[in-house]
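Visitor: Here the protein sequences line up with chains C and Y, keeping their order.
One point on numbering: in our numbering, the residue at position 158 of the first sequence is 169, and numbering is uninterrupted.
One point on numbering: in our numbering, the residue at position 17 of the second sequence is 20, and numbering is uninterrupted.
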Amino acid sequence: MTIYNHLAYLDNASTTPVPQHVVDVIDHYYHCEKVNVHRGMYKLANVVTQQYEGVRQKVAKFINADDKNQIVFTSGTTDSLNMVAFGYALSHLQPDDEMIVSVLEHHSNLVPWQQVAAKSGGRLRIVKVDGKGHLDQKQLTKMINRHTKVVSLAMVSNVLGTYTDMRPIAQKAHEIGAVLVVDAAQAVAHMPIDVQKMNVDFVAFSGHKMFGPTGVGVLYGKSELLEEMNPVRFGGEMIDQVTSRSATFQPAPLKFEAGTPNIAGVLGLGAAIDYINGIGYPSIMGTDHLLVERLMSELNGLKFVTIYGSPSADDHKAVVSFNVEGIHAHDIATILDSVGVAVRAGHHCAHPLMDFLRTESVVRASVSFQNTIKEIDQLVVGIQKAREIFK
Amino acid sequence: MSDIRQLYQRIIIDHANYPHHYGKLACPDFVRTCRNPDCGDTITVFVSIDTDCFNELNFVGDGCAISQASASIMTDTLIDKTVAEATQLIQEFQKLLLGQHITTGDLGDSVVFGKLKQFPTRVRCGALAWHAVSDVIEEWGKRSGQQINFSK
Ligand SMILES: Cc1ncc(COP(=O)(O)O)c(C=O)c1O
C-alpha cells in the first residue's frame, strides 16, 4: 500500500503513516467530545476520562505490564527518557556512580544521561558494538560493576537495525542493583514488547513510530520505581493537596502527567494499538523480513554499495543503512526523491555511531509492513540512476 | 516533479569530483569553518586579502556534491575580486538562491545554483561556502574598521 501519492515511503523509522482508523478516532474526539479529562462533573467528561484511562489499560496489556498504573503518558520517547534521567537517575546518582549506554544510541538516549552525569558528578560509560552492530556483551559485562546505577539501551538501533536481547542484561544489571532502561522507539512497530518477560525496569516509546499520532508516547516503569521517581513537571492534575506553600502529589502515574494531557494523542495511540493488534506481530514481522531480505540481497549485489552493520537480513529489524561509493548520502536521498522514493540521509541523531562507523552520514531505508517489494525495487532503480548521474 | 538533472548538472558533478582551489593555504589571513548542523556538511575557507582584494581563496570540506561544488565554483567566481565586488556577488548569490531576479552577470558559473530553488531541502547546501566567505568579509571589515553586515 502506497499511501503518500505514489511516494515509496521508506522512512518509517522516522515516523510511520497513520491508518484511517487512528485519524477517525482523533477526529471524533475533536469534533464530538473535546472535553478535558479527570475533572469535569458532566457525563461527557467522564466518558472521555474513561476512554483515556482505557488506553492506559490497553497499553499495559500491549506490553504485558501487570498494572495499568505502570503506564505514564508522555509526549514521546525523548520525553520518557528525560523523565527517567531527571526524575529517577539524578536523585539516585552519587559522585563516582556510573551509567552505561551504548555507542549506537539515538541522541535522546545519550544527551539526557550526559546531563545527569554532569549534574551529579557521576560518570557516563559507553559500550561498543561489534562489526555486525551487535552490542559487545563481553565489554558490557565487564563494565557493569557495583558503581553502576543505570544501564540504558536501545532495543533496536535506528541506524543499524540490530536488536538487543534485554533479558540477560537485565539480570546482570539487577545483580548489582542497577536499573535497566529500554529505548523501544524502533522496536515497537516491529516486534512484541513484553516487559515482564524482559524483566526490565523502564521502557520508553513513541506513538508516532507505531502508526499513531505525534506528540504522544509511553513510559513504562516498575511500580516501586515509579513510586520512588520524582515528577519533573509540576502543576495541575498531578497534585493531591495544595496549600499556598506546599503540595503533595498524586500517586503514579498521575503525578507524572502535569497539566492537560495530549488527550487526542492518547486516544489515537489506543487506536494505533488496535491497528497493530488487528494485523498481528507475526504477520508484521513476516512482511518486514521479506522486505528487508529483498533490500539486502539487492544492495549486496551492488559492489559500489556499503551496508553498515550485519551483512545478514536477519540482523536488520526493518532498518538498513548504506552508502554508495563516491556519492554523498544527501545526493543519493535527493536523487531517490526524484524517482519517488523517500529515505532519510544524515547522521540520524547518532553522532557517536557515525564516528564509530567512520562516516559523516549514511542513507537509511526503513520499512514497515505497509511497504511493497516494488517499492524496494524502485529504490534500487534510484541508486542506479544516481550512479549514472555521477558517472 | 523537477528533473533531477537540473540540479545535478554536469558542471556541478565535475566540480564535486574535481574541486578547484581545494586544500589549505599555508598562511591565510582568514580561516572560517561553516557547518550545517542538519546534515553535517562542513566547509572551511582559507582567504588571503591583499589591501582589499581576494588574492587567494581555497577551501576544504566534507559533504554532498552541492555543497562541495558550490564552494569550488565560488572560488573561481571570487578570486581576484575586491571585497566590495565580492560583497555584492554574495548578495547576488543569496538572491539567486531565493529565486529573485539578479542584475549582474559576474556570478559566472555560480548561476547554475539558480536551479536550487526547485529543491528547497538543498538550498542550504549551496549556501554554505558563501556563508563562510561572508563571515570572512565581516571579520575583514572589523579588522579594517568598517561595518559590513550580511543579512542571513
Ligand atoms: C532509537 C530511538 N530512540 C529515540 C528516538 C526519539 O523519539 P522521539 O523523537 O519520538 O522522542 C528515536 C527517534 O528517531 C529513535 O529512533
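For every residue, glycine included, the Cβ atom is placed at its ideal position computed from N, Cα and C.
1) Checking contacts by CB at 8 angstroms: is Y/F96 closer than that to chain C?
2) Compute every distance between the C-beta of C/T89 and the non-hydrogen atoms of ligand 1, then say whether any falls below 7 angstroms.
3) DSSP three-state label for Y/I46, please.
4) Roughly how many angstroms separate the alpha carbons of C/G297 and C/G232, rounded to a whole number?
5) Can you grab the Cα-Cα spacing for the pair C/G281 / C/L236, in whole Å?
6) Using only alpha-carbon positions, find the residue among C/H32, C/A96, C/R50, C/D78 that is nearest to C/S119.
7) Name the chain Y residues that come within less than 7 angstroms of C/K371, Cβ to Cβ?
8) Output, in chain order, the set of chain C residues within a Cβ distance shorter than 9 angstroms of Y/L99.
9) Short check: CB of C/G279 to CB of C/V199, under 8 angstroms?
10) Quick check on DSSP: helix, strand or coil for C/I187?
11) Could you give the distance in angstroms between the alpha-carbon of Y/Q94 and the alpha-carbon of C/R369?
12) Less than 6 angstroms between C-beta atoms, sequence neighbours within five positions excluded: which residues of the same chain meet that for C/N273?
13) Is any beta-carbon of chain Y found at less than 8 angstroms from that of C/T345?
14) Report the neighbours of Y/I16 on chain C: residues whose CB is nearer than 9 angstroms to its CB, in chain order.
15) Just to confirm, does C/Q197 get its C-beta within under 7 angstroms of one of the non-hydrogen atoms of ligand 1?
16) Compare the C-beta of C/S349 with all C-beta atoms of chain Y and state if any pair is closer than 8 angstroms.
17) Taking the alpha-carbon positions, what's the Y/K98 to Y/T36 distance?
18) Under 8 angstroms: do the region 119-130 of chain C and the region 247-261 of chain C share three or more Cβ pairs, one atom per stretch?
19) Can you pull out the residues from the region 117-137 of chain Y whose beta carbon lies closer than 9 angstroms to at least one beta carbon of chain C?
20) Say whether the region 124-132 of chain Y touches the region 58-72 of chain Y, bearing in mind that this needs 3 or more beta-carbon pairs closer than 8 angstroms, one atom from each stretch.
21) So, at 6 angstroms on beta carbons, what are the nonlocal neighbours of C/T13 in its own chain, with the 5 sequence-adjacent residues on each side left out?
22) Give me the chain C residues within the contact set of Y/R8, using Cβ-Cβ distance strictly less than 8 angstroms, ordered along the chain.
23) Count the other CB atoms, across all protein chains shown, that sit within 10 Å of the CB of C/K266; report buried if there are 16 or more and exposed otherwise.
24) Cutting at 8 angstroms between CB atoms, please list the residues of its own chain near Y/M4, excluding the five before and the five after it.
25) Quick test of the definition: if touching needs 3 or more C-beta pairs under 8 angstroms, does the region 366-386 of chain C touch the region 11-27 of chain Y?
26) Using three-state DSSP, classify C/G6 as helix, strand or coil.
27) Does the beta-carbon of Y/C67, which I'm using as the reference point, lie nearer than 7 angstroms to any heavy atom of ligand 1?
28) Using only alpha-carbon positions, find the residue among C/H358, C/G247, C/I82 that is nearest to C/F216.
29) Closer than 9 angstroms, Cβ to Cβ, to anything on chain C: give me those residues from the region 64-94 of chain Y, in chain order.
30) For Y/S38, which three-state DSSP category applies?
31) At least one CB of chain Y closer than 8 angstroms to the CB of C/G357: is that the case?
32) Can you give me the C-alpha to C-alpha distance between C/P203 and C/S257, rounded to a whole angstrom?
33) Examine chain C for any beta-carbon lying closer than 8 angstroms to the beta-carbon of Y/Y11, and answer yes or no.
Guide: According to the structure shown:
1) Not an interface residue.
2) Yes - ligand 1 has a heavy atom lying nearer than 7 angstroms to the Cβ of C/T89.
3) In this structure, Y/I46 counts as strand in the three-state DSSP scheme.
4) Cα to Cα, the separation comes out at about 30 angstroms.
5) Rounded to the nearest angstrom, the two C-alpha atoms are 25 angstroms apart.
6) The option with the nearest alpha carbon to C/S119 is C/A96.
7) One point to set straight first is that residue 371 of chain C is Glu, not Lys, in the sequence displayed. Near C/E371 (Cβ distances below 7 angstroms), the residues of chain Y are G43, D65.
8) Ordered by position in chain C, no residue passes the 9 angstroms Cβ test against Y/L99, which lies about 19 angstroms from the chain.
9) Their beta carbons are not under 8 angstroms apart, which means C/G279 does not touch C/V199 by this criterion.
10) In the structure shown, the three-state DSSP call for C/I187 is coil.
11) For Y/Q94 and C/R369, the distance between alpha carbons rounds to 37 angstroms.
12) G226, V227, listed in sequence order.
13) Interface residue, yes.
14) Think of a sphere of 9 angstroms around the beta carbon of Y/I16: the chain C residues whose beta carbon falls inside it are I400, F401, K402, in chain order.
15) For ligand 1, a non-hydrogen atom lies closer than 7 angstroms to the CB of C/Q197.
16) True, the Cβ-Cβ gap to chain Y drops below 8 angstroms.
17) A direct Cα-to-Cα measurement between Y/K98 and Y/T36 gives close to 23 angstroms.
18) Contact between the region 119-130 of chain C and the region 247-261 of chain C is absent, because fewer than three Cβ pairs lie under 8 angstroms.
19) Contact annotation: in the region 117-137 of chain Y, residues whose CB is within less than 9 angstroms of a CB in chain C are F122, T124, R125, C128.
20) Yes: the two stretches touch, three or more of their Cβ pairs being nearer than 8 angstroms.
21) Below a pLDDT of 50, predicted positions are generally treated as unreliable, and C/T13, at 48, falls in that range; no measurement from the model is reported.
22) The CB of Y/R8 comes closer than 8 angstroms to the CB of I400 in chain C, given here in chain order.
23) Result: buried.
24) Note that Y/M4 scores 43 on pLDDT, short of 50, meaning its location in the model is unreliable; the coordinates nonetheless yield the value given after this. Closer than 8 angstroms at Cβ, skipping near neighbours: no residue.
25) Pairwise C-beta distances place the region 366-386 of chain C out of contact with the region 11-27 of chain Y, as fewer than three of them are shorter than 8 angstroms.
26) Nothing can be reported for residue 6 of chain C: it is not among the residues displayed for chain C, which extend from 12 to 402.
27) Look at Y/C67: its beta carbon is at least 7 angstroms from all of the heavy atoms in ligand 1.
28) For C/F216, the nearest C-alpha among the options comes from C/I82.
29) Cβ contacts with chain C come from D65, G66, C67, A68, I69, S70, Q71.
30) Residue identity check: residue 38 of chain Y is Arg in the sequence provided, not Ser. The answer is strand: DSSP assigns Y/R38 an E or B state.
31) Judged by the 8 angstroms Cβ criterion, C/G357 is in contact with chain Y.
32) Near 42 angstroms, if we compare the C-alpha coordinates of C/S257 and C/P203.
33) At least one chain C Cβ lies under 8 angstroms of Y/Y11.
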